[in-house]
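Residue numbers (the working numbering), protein chains in the order written: chain H, 1 to 204; chain A, 1001 to 1064.
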């Protein structure tokens, strides 16, 4: 993925809710950056959601993950994101916001990443405005992987600039995509989680 | 300024809790499922052909 983390240590001063936020971004990023491994499917099968909308989406992922086979999910991932030439979906900020890849949203993101000390992974084969890469940046900001944990204002600005305007639409598309089965649950989690994030950030 | 921030923080936290983020059960499973470590195979020691990083990248990108 196009993001380098400076360290993977978690300082002890991060609130439990923020750790869970970081983990949810990380979970979504993981499933959207490559096909799930057997270990990934086993891990999500162990998740339990409560009766909130987000919790129910997590429960759905757990149920489907517990029954999925890794080859089938690999094909699903391929049809959604790789395809022949292109997959069913193009999970890039530039594409959702302008209709084209490598556009101003990517330039803006690169600027902000540079300011925040987020490095681009030199070996990555896709631009940084991929949904998984931006979400990995959010995880890093929350946990302080690029220095100290980012204050809420910084997280809010990053979220509102690089995610809020398009990611909910992507997750809605993911949920509804022809090829989606397990990834429909991923889409539901993303849509509900981002709804919560937007509301929580707006509370400041 | 600091006071208003302290007032909002608990509201934000309790909202997150109520909305489901604060109480995602199976926290250990969530942590395990969200780490993005990648296992790397050892490079072949065969002197006739060694799979270096850029060759691995080529194969990865060339996959259909």
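We put the beta carbon where it would ideally sit given N, CA and C, even for glycine.
Any chance you could list the alpha helix (DSSP H) runs of at least 4 consecutive residues sitting entirely within the segment 115-197 of chain H, in chain order?
Within the segment 115-197 of chain H, the complete alpha helix (DSSP H) runs of at least 4 residues are 131-143, 152-162, 167-176.
Since residue 137 of chain H and residue 118 of chain H are thought to touch, with beta carbons under 8 Å apart, how far apart are those beta carbons, to the nearest angstrom?
By one-based count along the first chain, residue 137 of chain H stands at place 137. By one-based count along the first chain, residue 118 of chain H stands at place 118. Sure, about 5 Å apart at Cβ, within 8 Å.
For residue 20 of chain H versus residue 192 of chain H, is the C-beta distance shorter than 8 Å?
For the purposes of this step, residue 20 of chain H is taken as residue 20 along the first chain, with counting starting at 1. For the purposes of this step, residue 192 of chain H is taken as residue 192 along the first chain, with counting starting at 1. It is not a contact, given that the beta carbons lie outside the stated cut-off.
Decide yes or no for the touch test of the segment 58-66 of chain H against the segment 169-177 of chain H: beta carbon pairs closer than 8 Å, at least 3 of them.
The segment 58-66 of chain H, when compared against the segment 169-177 of chain H, does not touch it at the 8 Å Cβ threshold.
Is the beta carbon of residue 52 of chain H sitting closer than 8 Å to the one on residue 108 of chain H?
The residue you call residue 52 of chain H lines up with position 52 of the first chain. The residue you call residue 108 of chain H lines up with position 108 of the first chain. No. Outside cutoff.
Beta-carbon within less than 6 Å of residue 139 of chain H's beta-carbon, same chain only, minus the 5 sequence neighbours each way: which residues are those?
By 1-based counting over the first chain, the position of residue 139 of chain H is 139. Here the set comprises 22, 25, 26.
Please report the straight-line C-alpha distance between residue 4 of chain H and residue 120 of chain H, rounded to a whole angstrom.
Numbered from 1 along the first chain, position 4 holds the residue referred to as residue 4 of chain H. Numbered from 1 along the first chain, position 120 holds the residue referred to as residue 120 of chain H. C-alpha separation (whole angstroms): 6 Å.
If we count the other Cβ atoms within 10 Å of its Cβ and call it buried at 16 or more, is residue 1038 of chain A buried or exposed?
The residue labelled residue 1038 of chain A in the question sits at position 38 within the second chain. Only weak support is given to the placement of residue 1038 of chain A: the predicted model assigns it a pLDDT of 44, under 50, and the value that follows is read from those uncertain coordinates. Exposed, since its Cβ has fewer than 16 Cβ neighbours within 10 Å.
Excluding the 5 residues preceding and the 5 following residue 198 of chain H in the sequence, name in chain order all residues of the same chain whose CB lies nearer than 6 Å to its CB.
As a first step, residue 198 of chain H must be located in the first chain, where it is residue number 198. 164, listed in sequence order.
Do you know whose CA, among H/16, H/125, H/47, H/94, lies nearest residue 1061 of chain A's CA?
If you number the second chain from 1, residue 1061 of chain A lands on position 61. Nearest option by C-alpha distance: H/125.
Can you pull the DSSP bridge partners for residue 92 of chain H?
Within the first chain, residue 92 of chain H is the residue found at index 92, counting from 1. In DSSP, residue 92 of chain H forms a bridge with H/130.
Per DSSP, what kind of secondary structure is residue 82 of chain H in: helix, strand or coil?
Here residue 82 of chain H refers to the residue found at position 82 of the first chain. Residue 82 of chain H falls in the coil class under three-state DSSP.
Per DSSP, what kind of secondary structure is residue 14 of chain H in: helix, strand or coil?
Here residue 14 of chain H refers to the residue found at position 14 when the first chain is read from its first residue. Here residue 14 of chain H sits in coil by DSSP.
Across the segment 36-45 of chain H and the segment 1006-1021 of chain A, are there enough close Cβ pairs to call them in contact, namely three or more that are closer than 8 Å?
The segment 36-45 of chain H, when compared against the segment 1006-1021 of chain A, does not touch it at the 8 Å Cβ threshold.
Tell me, please, which residues DSSP counts as bridged to residue 4 of chain H.
Reading the first chain from its first residue, position 4 is the one you call residue 4 of chain H. Note: residue 4 of chain H sits in a beta bridge opposite H/119.
Check whether the Cβ atoms of residue 35 of chain H and residue 84 of chain H lie closer than 8 Å to each other.
As a first step, residue 35 of chain H must be located in the first chain, where it is residue number 35. As a first step, residue 84 of chain H must be located in the first chain, where it is residue number 84. Not a contact, by the Cβ cut-off of 8 Å.
I need the straight-line Cα distance from residue 194 of chain H to residue 14 of chain H, nearest angstrom please.
What you label residue 194 of chain H is simply residue 194 of the first chain in a count that begins at 1. What you label residue 14 of chain H is simply residue 14 of the first chain in a count that begins at 1. For residue 194 of chain H and residue 14 of chain H, the distance between alpha carbons rounds to 20 Å.
Alpha carbon to alpha carbon, how far is residue 147 of chain H from residue 1041 of chain A? Give it in angstroms, no decimals.
If you number the second chain from 1, residue 1041 of chain A lands on position 41. If you number the first chain from 1, residue 147 of chain H lands on position 147. Because residue 1041 of chain A carries a pLDDT of 37, less than 50, the predicted location of this residue cannot be relied on, and the following value inherits that uncertainty. Spanning the two alpha carbons is a distance of roughly 30 Å.
Beta carbon of residue 145 of chain H, beta carbon of residue 128 of chain H: below 8 Å?
Stepping through the first chain from its first residue, residue 145 of chain H is reached at position 145. Stepping through the first chain from its first residue, residue 128 of chain H is reached at position 128. Against a cut-off of 8 Å, the Cβ pair of residue 128 of chain H and residue 145 of chain H comes out as no contact.
How far does the alpha helix (DSSP H) with residue 66 of chain H in it extend, from its first residue to its last?
Translated into positions along the first chain, residue 66 of chain H becomes position 66. 53-67 is the span of the alpha helix (DSSP H), which, as asked, contains residue 66 of chain H.
Just mark residue 114 of chain H as buried or exposed, buried being the case when its beta carbon has 16 or more other beta carbons within 10 Å.
Reading the first chain from its first residue, position 114 is the one you call residue 114 of chain H. It counts as exposed.
For residue 94 of chain H and residue 133 of chain H, what's the separation of their Cα atoms in angstroms?
Counted from its first residue, the first chain places residue 94 of chain H at position 94. Counted from its first residue, the first chain places residue 133 of chain H at position 133. Their backbone Cα atoms lie some 13 Å apart in a straight line.
Starting from the beta carbon of residue 23 of chain H, find every residue of chain A whose beta carbon is closer than 7 Å, and list them in chain order.
In the first chain, residue 23 of chain H corresponds to position 23, counting from 1. Within chain A, the residues near residue 23 of chain H are 1030, 1031, 1034.
Output yes or no for whether 8 Å exceeds the beta carbon distance between residue 76 of chain H and residue 183 of chain H.
One-based indexing of the first chain puts residue 76 of chain H at position 76. One-based indexing of the first chain puts residue 183 of chain H at position 183. Yes, they are a contact pair.
Just confirm the distance between the C-beta atoms of residue 32 of chain H and residue 91 of chain H, as a whole number of angstroms; I'd bet it's less than 8 Å.
Position 32 of the first chain, counted from the start, is the residue given in the question as residue 32 of chain H. Position 91 of the first chain, counted from the start, is the residue given in the question as residue 91 of chain H. That belief holds up - the Cβ atoms of residue 32 of chain H and residue 91 of chain H are roughly 6 Å apart, short of 8 Å.
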